[in-house]
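By UniProt numbering, the letter at position 37 of the sequence shown is numbered 37, and the numbering carries on one by one without gaps.
For each residue, glycine too, the CB sits at the ideal point set by N, CA and C.
Predicted model only: the values in this text are computed from it and were never measured.
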Amino acid sequence: MAQVQHKIENALMRAVYPLFVKLRRPRPAGQTKLDLSKFELVFEEDFSDPALPRWDVRRYPDGRRVTMRKGGYWSRDMAAVEDGQLHIRAVFRPDGPYGPGYYAACLDTRYTYQQTYGYFECRCKLPAAEGLWSSFWLQSDAVKAGVPPTAGMEIDVFESPLYRQKDNGIVTTNLHYNGYGPGHRFQNVGFFRVDEPYTQFHTYGVEWNAREYIFYIDGFETARSSFGGVSQGPEYMMLSVEVDGVGGYPDNGWSGNIRQNAPGALPADFVVDYVRAYQYKDKGRRA
1 MAQVQHKIEN ALMRAVYPLF VKLRRPRPAG QTKLDLSKFE LVFEEDFSDP ALPRWDVRRY
61 PDGRRVTMRK GGYWSRDMAA VEDGQLHIRA VFRPDGPYGP GYYAACLDTR YTYQQTYGYF
121 ECRCKLPAAE GLWSSFWLQS DAVKAGVPPT AGMEIDVFES PLYRQKDNGI VTTNLHYNGY
181 GPGHRFQNVG FFRVDEPYTQ FHTYGVEWNA REYIFYIDGF ETARSSFGGV SQGPEYMMLS
241 VEVDGVGGYP DNGWSGNIRQ NAPGALPADF VVDYVRAYQY KDKGRRA
């Protein structure tokens with residue numbers, strides 16, 4: 001399964017990156033601005049509590065606080081609050097819990113908070129290194145083979161695999177359903193230019209209603225999609241950094257190869273200032 005997903009990511013990059021990278025910007029003339037007046041704030045994480053009580057570690061199925069993930073490992077101790085911001089760090093650890101390797105982390109709200117429809121937003125600064133990517137995404141336990149997307153879909157609000165590109169101020173948005181095996185279905189919603197995303201904070205969000213997903217960067221609409229059929233069930237939020245590769249071994253992938261970074265590039269931090277979720281004030285507007 002891991003090899004299948006690795007091939008999917010590489011195929012996505014080869015097929016669609018050249019088509020989109022010169023076409024999409026987050027603020028073209030006449031672009032729609034986000035209207036928050038129709039929402040009420042129902043979840044706000046400002047990372048004032050270093051214990052991160054709202055963020056779960058359920059992605060560690062063996063009961064330990066670390067698990068293999070693609071070309072590296074997710075370890076809970078690679079996520080920490082510093083000066084009121086979440087830092088998810090990617091670094092090589094010669095004495096890591098699973099031995100030598102590249103370690104990062106993933107946090108989610110699976111057991112603490114789920115929501116159907118609304119607007120979800122993250123303000124963050126991206127990790128400046130190749131061979132890895134950060135992401136803010138929504139996920140459902142219903143993303144399985146044979147299960148329709150209306151039951152649940154992986155919604156990648158943004159992913160950042162393009163640091164190695166010459167024009168590296170670009171993020172991508174993607175949708176996935178039907179599990180992660182041979183029958184996996186995905187749509188690249190687009191690639192979008194962002195000003196200095198590795199040194200400056202930006203907001204990335206998605207409005208989700210019964211008809212479509214509407215994506216935003218810095219409060220301006222970038223794209224819409226109803227690919228496959230919109231999820232109609234509750235989803236939880238995720239923040240992660242992943243290393244390209246398979247089986248805990250780094251390899252060339254859509255983000256490059258982490259071993260090709262210049263000296264001093266690592267550790268690289270995904271810095272999150274806040275995460276917010278809003279619900280529609282008028283429930284009729286969800287339809």
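Roughly how many whole angstroms lie between the Cα atoms of residue 148 and residue 137? Position 148 of the sequence shown, counted from the first residue, corresponds to residue 148. Position 137 of the sequence shown, counted from the first residue, corresponds to residue 137. Near 19 Å, if we compare the C-alpha coordinates of residue 137 and residue 148.
Straight-line gap, residue 241 to residue 109 (C-alpha atoms, nearest Å): Position 241 of the sequence shown holds residue 241. Position 109 of the sequence shown holds residue 109. Answer to the nearest angstrom: the Cα atoms are 16 Å apart.
Name the residue from 217, 273, 162 and 280 whose alpha carbon lies nearest to the alpha carbon of residue 49. Reading the sequence shown from its first residue, position 49 is the one you call residue 49. Among 217, 273, 162 and 280, the Cα nearest to that of residue 49 is on 273.
With H, G and I counted as helix, E and B as strand and the rest as coil, what does DSSP make of residue 134? Here residue 134 refers to the residue found at position 134 when the sequence shown is read from its first residue. If DSSP states are grouped into helix, strand and coil, residue 134 belongs with the strands.
Per DSSP, residue 203 forms a beta bridge with which residues? Taking the first residue of the sequence shown as position 1, residue 203 is located at position 203. Answer is 123, bridged to residue 203.
Rounded C-alpha distance that separates residue 95 from residue 280: Numbered from 1 along the sequence shown, position 95 holds the residue referred to as residue 95. Numbered from 1 along the sequence shown, position 280 holds the residue referred to as residue 280. Using only the alpha carbons, I get a separation of about 48 Å.
Could you spell out the range, first to last residue, of the beta strand (DSSP E) harbouring residue 264? Within the sequence shown, numbered from 1, the residue matching residue 264 stands at position 264. Unbroken run through residue 264: none, as it is neither H nor E.
Are the CB atoms of residue 207 and residue 34 nearer to each other than 9 Å? The residue you call residue 207 lines up with position 207 of the sequence shown. The residue you call residue 34 lines up with position 34 of the sequence shown. The answer is yes: Cβ separation under 9 Å.
Starting from the C-beta of residue 29, find all residues in its chain whose C-beta is less than 7 Å away, skip the five residues before and the five after it, and write them out in chain order. Walking along the sequence shown from the start, residue 29 turns up at place 29. Per-residue confidence for residue 29 stands at a pLDDT of 47, beneath the threshold of 50, marking its modelled position as unreliable; the derived number appears in the next sentence. Contacts found: none.
Quick one: is residue 222 buried, meaning 16 or more other Cβ sit within 10 Å of its Cβ, or exposed? Here residue 222 is taken as the residue at index 222 of the sequence shown, counted from 1. Flag for residue 222 reads buried.
For residue 34, does the three-state DSSP call read helix, strand or coil? Walking along the sequence shown from the start, residue 34 turns up at place 34. If DSSP states are grouped into helix, strand and coil, residue 34 belongs with coil.
Is residue 238 near residue 113, with beta carbons less than 9 Å apart? The residue labelled residue 238 in the question sits at position 238 within the sequence shown. The residue labelled residue 113 in the question sits at position 113 within the sequence shown. Cβ distance not < 9 Å, so residue 238 and residue 113 don't count as in contact.
Hey, residue 90 and residue 98: beta-carbon distance below 9 Å or not? The residue labelled residue 90 in the question sits at position 90 within the sequence shown. The residue labelled residue 98 in the question sits at position 98 within the sequence shown. Contact: no.
Is it a yes or a no for the segment 116 to 135 touching the segment 260 to 277, going by three-plus beta-carbon pairs under 8 Å? yes
For my contact list, residue 84 and residue 248 are in at a C-beta cut-off of 8 Å; report their separation, rounded to the angstrom. The residue you call residue 84 lines up with position 84 of the sequence shown. The residue you call residue 248 lines up with position 248 of the sequence shown. Not a contact, Cβ separation roughly 33 Å.
Which runs of the beta strand (DSSP E) spanning at least 3 residues fall entirely within the segment 212 to 275, listed in chain order? 213 to 217, 220 to 225 and 236 to 243
Pull up the distance between the alpha-carbon of residue 214 and that of residue 227, whole angstroms please. For the purposes of this step, residue 214 is taken as the residue at position 214 of the sequence shown. For the purposes of this step, residue 227 is taken as the residue at position 227 of the sequence shown. Their backbone Cα atoms lie some 12 Å apart in a straight line.
For residue 154, three-class secondary structure by DSSP: Looking up residue 154 in the sequence shown gives position 154. The answer is strand: DSSP assigns residue 154 an E or B state.
Consult DSSP for residue 77 and reduce its assignment to one of helix, strand or coil. The sequence position of residue 77 within the sequence shown is 77, counting from 1. Residue state, collapsed to three classes: helix.
Member of 204, 198, 246 and 231 whose CA lies at the smallest distance from the CA of residue 210: As a working note, residue 210 is residue 210 in the sequence shown. Here the closest residue by C-alpha is 231.
Alpha-carbon to alpha-carbon, residue 263 and residue 80: Against the sequence shown, residue 80 aligns to sequence position 80. Against the sequence shown, residue 263 aligns to sequence position 263. Near 24 Å, if we compare the C-alpha coordinates of residue 263 and residue 80.
From 82, 92, 55 and 70, pick the residue whose C-alpha is nearest to that of residue 76; which is it? Locating residue 76 in the sequence shown gives position 76, counting from the first residue. It is 55.
Straight-line Cα distance separating residue 41 from residue 100: Within the sequence shown, residue 100 is the residue found at index 100, counting from 1. Within the sequence shown, residue 41 is the residue found at index 41, counting from 1. Cα to Cα, the separation comes out at about 43 Å.
Thinking C-beta only, is residue 140 closer than 9 Å to residue 153? As a first step, residue 153 must be located in the sequence shown, where it is residue number 153. As a first step, residue 140 must be located in the sequence shown, where it is residue number 140. Contact flag set, yes.
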